[in-house]
Amino acid sequence: MKFILLMILLLSWGAFACPPCPTNSTTTGTGPVTNLAGCKCINGTYTWDGSTCVAAAAGCSAVNPQTWNTNCTANLAAASNGASSTIANTAPGYTGSATYTCNSGTWSAPTSVSCGIGQCIGVPKTWGSCSGSTINTAWGATYVVTNTAPGFTGTATYTCNFGAWSAPSSQTCTAPVPTMCQCGGYTDHGPGGNCSGMEGQFNCCGATYPITNASQCYDQCNNTPEIPGNGREYHRDCHPIYD
């Protein structure tokens, strides 16, 4: 009787035992598919097709360089199946990009393609206290911008690289030296004042000549407060005059 009961138990266990792992799967796999035995496809090598684990689609190898539209080139790195890669041109004189998709080991034809002469568009530029504008310039060419900001003189050189302007080089920006100082209002009328002259008159503000810096037209009188009751009236806008 015990033997019969034991056989019944063994047969019952076999009826409910988990099935073995499918081909190309393992209980220690990391793939997304699981059956009653806890099996998963071997990750990265096999994928589940609905009934069993099949070999995963191949990735794409690197292409160095990849060329599109005749003139544009760039290195295309290896990628897994289904992945897309957008690369930017590195060929001198041109600018552009292209997108490639890996399909079972083969790169697709490029999409979102662009490839043109690497021209730089004219834009405003500033260096120090100076400013001016570039003009449309071909790749590799330079353009010298002349300052247009009032009160300063100078130039800066910019180079067009792949459609973008470089940082300025050979740049200068200086304030011109005034020839004299001029009062824009009444000055000191009392004794001992270091300013002289009336509105619109030159050589005021107590500046020392010859003038070597525009600050000489400001540091003598402009910051001196009025002193009531002594007949002095200090102006507030002594300024430089340039030829």
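Numbering (our numbering), first residue to last: 8 to 250. Each residue gets a CB set at the ideal place from its N, CA and C atoms; glycine is no exception. This one's a predicted model, so the numbers in the text were calculated from it and none came from an experiment.
Item, Value
"Contact set for residue 257: own chain, Cβ-Cβ below 6 Å, skip 5 residues either direction", "What is shown of the chain runs 8 to 250, which leaves residue 257 out entirely."
"Cβ neighbour criterion (16 or more within 10 Å) applied to residue 105", "buried"
"Exposure of residue 64, with buried meaning 16 or more beta-carbon neighbours within 10 Å", "exposed"
"Residue burial classification, residue 117 (beta-carbon count within 10 angstroms, cutoff 16)", "buried"
"C-alpha distance - residue 88 paired with residue 113, whole-angstrom precision", "9 Å"
"Buried versus exposed call for residue 232 [16 or more other C-beta atoms within 10 Å across all chains shown]", "Model confidence at residue 232 stands at a pLDDT of 45, short of 50, so the residue's coordinates are unreliable; what they give is reported in the following sentence. Residue 232 should be labelled exposed."
"Same chain only: Cβ atoms within 7 Å of residue 121, ignoring 5 sequence neighbours per side", "103 and 104"
"Own chain residues within Cβ distance below 7 Å of residue 153, not counting five before or after", "139 and 162"
"Per DSSP, the bridge partner or partners of residue 114", "109"
"Endpoints, the beta strand (DSSP E) within which residue 183 is located", "Here residue 183 belongs to no beta strand (DSSP E), and DSSP marks it neither H nor E."
"Euclidean distance between Cα positions of residue 133 and residue 156", "10 Å"
"Simplified DSSP assignment, three categories, for residue 226", "Summary for residue 226: the model assigns pLDDT 49, below 50, so the residue's position carries little reliability; its value from the coordinates is reported in the next sentence. Of the three classes helix, strand and coil, the one that applies to residue 226 here is coil, per DSSP."
"Collapsed DSSP secondary structure at residue 175 in the structure displayed", "coil"
"In chain order, each beta strand (DSSP E) run of at least 3 residues that lies wholly inside the region 59-90", "60-62, 70-75 and 79-83"
"Sub-8 Å separation of residue 67 and residue 135 beta-carbons", "no"
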